[in-house]
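Since the structure comes first, as structure tokens, the remarks are kept for the end.
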Amino acid sequence: MRLEYFQMIDTVVSFDAATGEIHAKAFVPEKSPIFEGHFPGYPILPGVLLIETMAQASGYLILGMNGLTRMPFFAGVKKAKFRKFIEPGTTLDVYAKMVHEGSGYSVTEGRIEQDGPVCDAELTLRVLDFPAPELKAEIEARAAVIGLGQK
Amino acid sequence: MSSTFDVVADVIAQTSEIPREKITPESHAIDDLGIDSLDFLDIVFALDKKFGIKIPLEQWTQEVNAGKASVEEYFLLKNLAAHIDELVAKKNA
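Just so you know, the sequences run in chain order A and B. For what it's worth, UniProt numbering labels the leading residue of the first sequence as 1, then goes sequentially. For what it's worth, UniProt numbering labels the leading residue of the second sequence as 1, then goes sequentially.
So, in structure tokens, the structure goes:
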């Protein structure tokens, strides 16, 4: 995780376009200014960043399924539950499963585990044409770094 | 058996805070019911699941934006229900 750059997913463990599933890893850093405020003396990863992590896994799932041709944008979250505190230095298993591919949107189920359930939610993402070539290039580069294309 | 309109109206009432009795076949989803684009996504998702179809929301939006179709063509609920019937018939053909 590069929290300051909002890069939450570090590597793709597995991706299956046929079943619409992805499993990724996210390494929570030991140090970040975020932990100085959340919370002093008791650093834990904020729940909103866990949601963002599930949304990004869902985004890579969609990108993998559409061959990096269209860009998913986080649009909604429902039924989010946080079941465990996450401390600095933790490795997270992040899962996303396609629930429904609609016209211009997708709904996924996101889940994070670390020695048991951490959180889960239903996520909605709008899927649009890339609004800028720079974004498409960056996404392609990022997908290669995390190994999306090779799985 | 419920009509398609009744199913649409029930879905709208369940996914928004609009009282079911205010939703009629002549209701305009945006102008009368005030449904915004995000809420409409939830409604389309529920309708896709309910009817086992994929409402071509992007195509409809493009047609409206290009002036090829009126907003009423897709967002007046009786018209929306009729389009759903067509999509279901196409799926079952």
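The C-beta atom is built at its ideal place from N, Cα and C for all residues, glycine as well.
For residue i, the residue or residues it bridges with in DSSP
i	result
A/His-23	A/Ser-14, A/Tyr-95
A/Tyr-5	BP columns for A/Tyr-5 are empty, so no partner.
A/Met-71	A/Leu-128
A/Leu-61	A/Leu-61 pairs with nothing; no bridge assigned.
A/Arg-111	A/Tyr-95, A/Asp-120
B/Phe-51	Per DSSP, none; premise fails for B/Phe-51.
A/Val-77	A/Leu-123
A/Tyr-105	A/Arg-126
A/Ile-82	Note on identity: in this sequence residue 82 of chain A is Phe, with Ile being the wrong assignment. Answer is A/Cys-119.
B/Leu-76	B/His-28
A/His-100	A/Val-107
CA nearest to the CA of residue i, picked from the options
i	options	result
A/Leu-148	A/Gly-67, A/Ile-44, A/Glu-122	A/Gly-67
A/Lys-25	A/Arg-70, A/Ser-32, A/Tyr-95, A/Asp-16	A/Tyr-95
A/Lys-79	A/Glu-140, A/Glu-101, A/Thr-124, A/Arg-70	A/Thr-124
A/Gln-114	A/Leu-128, A/Thr-91, A/Gly-102	A/Thr-91
Beta carbon proximity, residue i to chain B, threshold 8 Å
i	result
A/Ala-96	no
A/Gly-76	yes
A/Gly-20	no
A/Gly-59	no
A/Gly-102	yes
Within chain B, partners of residue i - CB distance below 7 Å
i	result
A/Tyr-105	Leu-41
Closer than 8 Å to chain A by CB, residue i
i	result
B/Asp-32	no
B/Asp-48	yes
B/Phe-45	yes
Chain B residues whose Cβ lies nearer than 8 Å to that of residue i
i	result
A/Ala-67	In the sequence as presented, Ala is not what sits at residue 67 of chain A; that position holds Gly. Those do not exist, as A/Gly-67 stays about 18 Å from chain B at its closest Cβ, beyond 8 Å.
Closer than 7 Å at the beta carbon, the chain A residues around residue i
i	result
B/Leu-38	Ala-75, Gly-76
What residues from the region 108-128 of chain A come within 7 Å of chain B, judged by C-beta to C-beta, listed N to C?
Thr-124
Going along the region 50-62 of chain B in order, which residues come within less than 9 Å of chain A, judged by CB to CB distance?
Correct list: Lys-54, Ile-55, Pro-56, Leu-57, Glu-58, Gln-59, Trp-60, Thr-61.
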